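In my numbering, the protein residues as written are 875 to 1611.
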């Protein structure tokens, strides 16, 4: 194992990273969504449901008490307070209901995918057998370990792994993508999901799910929020809010004896809607309590968490818990596989490097001809490069009628073609060099320098050799593979094809963003250290782990965690399962094995490893949104204090009029204005809670400063303006004079 720190190169202009496949909705609040979610919001008024939110439970208790008081001592002021207190609770429930409702459309689509398909269960399955005995059973009757056969046009009855065969599968019901995917046995693309459809061929699937615990069942529960458990940070914040609420309850309770004592010592003060012979009126006390406790964040806290998971769902990522989303926001280290994540995964021909005495055109022609039957991405790229850069046309079927294609094998490590007495080979440097020598040719000394130079730059060298003349020992032309020298022929090395593992466009830019967030990126690859270092420098990652084996990944994660860092990684194979389980954020690819999906705490339905970067950004946005709205909620309580306290006691203590900085119309209008603002601000902030605060890569200190200035200072200023505007309106209502 080799691990080495790479100095990140200076940023260079790169094409922008591709946008997320699905745009996240939820900017402006849709009135239709409000109406649709209203019944759910009313159902949440049940105290057995509301007890999970202690802040809003206190508000509901206060609303019930003021309702009783309004019935006993009716007045416009009392009933206005009653209405707005109940609206405060309904608006809080509405925020959560809207957040949950955003996932119901996807849940409905998933339910349609979860059909009661008929399964062809195999009674005596053995690998390779064709005379299998089958029985038809309903999909819900399948048990873990059952083996089923699925053919073209049939629905896969349950989650499992392909143990035999290969097929094209339509997973649009799960991923939303219409393009079919290949599922086959014996690899990292063996997992299939119940409810998806086989489009071609036949596969045998071993069921891995337990009844009622299918992948679709979990998705439905999670997107609807039914199984959403509070995260540790959310629980801690709830405890803090509950503690603040208790403190304010005690503080408000102490106002009553103080008011009774003060009224007794000021007998000339007339009774008012705020003060009577029994002290502060109950309606005013409840109004004060509701306005001072952190109702804004208490109302929106659950919606923020649900919306964070919903943003992941809209990007086709299924988070198994809210804790995983939150952990993503605190990640310090990202582990990324090189192939398919940082690079395109398929090596591409980038240039032809001829040896002395050979022209580039000659090498390009030989490379193209030797690659015409090579259907690998590398082989196709050689043909494309020869055509685009050197203008070489592809051969017609007539010209290739007598060609004898030599396939690549692990033994020869070469492929090529024999045509018209010309024998071309393309492959590993040592294999082609040995072949040229066996045909009586010489290998130039410069070949080694060219091959080493390409390897040092992170590329893969493919050497092209040619042998011309008669057939060896009177045999057929392809007898050259037997190793005998050609009669009267010559063999030589033409040059080297430079295959390059192309770094995806925009990756350097994204890693620069990660660095600005304080996140360290580590590239994991099975390449040798020389190749790994070159690609790491080109991509701009902070570190790399070369020649990595599964146990090396696990050891690296534990080392990072022992240093107090949170680690995120992606994987798709069974050998990735231990590392995915160990990582704080383990994102399994949907195309991967069941073991990988069970080990991770997130599943990427699109199987796009680069999405790990977006997941981290969504996690950070969740934490920032929660912090921003908490700051705003606590800050705006200060303004409401200046609105209500002077209004309550100005009759007893005229000096308090100096605190009435907003110069509100009357004590009654001041109290009612504060209660109205307290309710309306919840509705006003629902879009922000659902959409999330705009996130810009920055250090923690800058983010904190931005939050304090924008949401702290803004949280103080907004209520002053809002309450004043409401006061100007309601002063004209009856009973407010």
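The beta-carbon is built from N, C-alpha and C at its ideal position, and this holds for glycine as well. Note that this is a predicted model, so its numbers are computed, not measured.
query, result
"Excluding the 5 residues flanking residue 1232 on each side, which residues of the same chain have their C-beta closer than 6 Å to its C-beta?", "1368 and 1369"
"I'd like the list of long-range same chain contacts for residue 966, defined as Cβ closer than 8 Å, with 5 residues on each side in sequence excluded.", "927, 930, 933, 1169, 1172, 1173, 1174 and 1556"
"For residue 1329, which residues of its own chain have a beta-carbon under 7 Å away from its beta-carbon, when the five flanking residues on both sides are left out?", "1335, 1404 and 1405"
"Considering only residues of the same chain and omitting the five flanking positions on each side of residue 1245, which have a CB-CB separation below 6 Å?", "1253, 1256 and 1257"
"Of all Cβ atoms in chain D, is any one closer than 8 Å to the Cβ of residue 1401?", "In the structure shown, chain D cannot be found, because there is only a single protein chain."
"Secondary structure at residue 1606, three-state DSSP: helix, strand or coil?", "coil"
"Tell me whether the region 1542–1557 and the region 1456–1475 touch, counting them as touching only if at least three CB pairs, one residue from each stretch, are closer than 8 Å.", "no"
"Select from 1161, 1085, 1087 and 1108 the residue whose C-alpha is nearest the C-alpha of residue 1122.", "1161"
"Sorted by chain position, which residues of the same chain lie with C-beta nearer than 7 Å to residue 882's C-beta, five sequence neighbours on each side aside?", "Bear in mind that the predicted position of residue 882 carries a pLDDT of just 40, short of 50, making it unreliable; the figure below should be weighed with that in mind. Excluding positions up to five away in sequence, the list reads 1389, 1414 and 1416."
"Going by beta-carbon coordinates alone, are residue 1309 and residue 1323 separated by less than 8 Å?", "no"
"Skipping 5 residues on each side, what residues in its chain have a beta carbon closer than 8 Å to that of residue 1021?", "995, 996, 999, 1037, 1078, 1079, 1080 and 1081"
"Roughly how many angstroms separate the alpha carbons of residue 937 and residue 1445, rounded to a whole number?", "52 Å"
"How many Å lie between residue 1023 and residue 1286 at the Cα?", "38 Å"
"Ordered along the chain, which non-local residues of its own chain (more than five positions away) have a Cβ less than 7 Å from that of residue 1235?", "1264"
"Under the three-state reduction of DSSP, which class applies to residue 1283: helix, strand or coil?", "coil"
"In chain order, what residues of the same chain lie with their CB nearer than 7 Å to the CB of residue 924, ignoring the 5 residues before and after it?", "918, 930, 931 and 934"
"For residue 1209 versus residue 1443, is the C-beta distance shorter than 8 Å?", "yes"
"So, with DSSP's three-state summary, where would you put residue 1335?", "strand"
"Please return the same chain residues whose Cβ sits closer than 8 Å to the Cβ of residue 908, not counting the five positions on each side in sequence.", "968 and 972"
"Using 8 Å as the threshold, is the C-beta distance between residue 1185 and residue 1560 below it?", "no"
"Are the CB atoms of residue 1332 and residue 1398 nearer to each other than 8 Å?", "no"
"Only counting the same chain, and skipping five residues up and downstream in sequence, which positions put a Cβ closer than 7 Å to that of residue 955?", "940, 1157, 1161, 1546 and 1549"
"Determine, using beta carbons only, whether residue 916 and residue 964 come nearer to each other than 8 Å.", "yes"
"Taking Cβ to Cβ, would you say residue 1371 is nearer than 8 Å to residue 1282?", "no"
"Can you check DSSP and say which residues form a bridge with residue 1403?", "For residue 1403, which the question treats as bridged, DSSP gives no partner whatsoever."
"DSSP has residue 1035 in a bridge; who is on the other side?", "1065 and 1080"
"Alpha carbons only, please: which of 1531, 1045 and 1339 is nearest the one belonging to residue 1302?", "1339"
"Would you identify the three-state DSSP class for residue 1189, choosing helix, strand or coil?", "coil"
"Pull up the CB-CB distance for residue 1044 and residue 1083, whole angstroms please, since I reckon it's below 8 Å.", "Contact doesn't hold; Cβ gap of about 20 Å is too wide."
"Do residue 1427 and residue 1217 have their CB atoms nearer than 8 Å?", "no"
"Taking only runs that begin and end inside the region 1208–1260, name each unbroken beta strand (DSSP E) of 3 or more residues, in chain order.", "1222–1228"
"Does residue 1606 pass the burial test, meaning 16 or more other C-beta atoms within 10 Å, or should it be called exposed?", "exposed"
"Looking at the strands, I want to know which residues DSSP matches up with residue 1300.", "1289 and 1338"
"For residue 1438, which three-state DSSP category applies?", "coil"
"Can you give me the Cβ contacts of residue 1054 inside the same chain, cut-off strictly under 7 Å, excluding the 5 residues immediately before and after it?", "1042, 1043, 1044 and 1073"
"Looking at the unbroken alpha helix (DSSP H) that takes in residue 1381, where does it start and where does it end?", "1381–1390"
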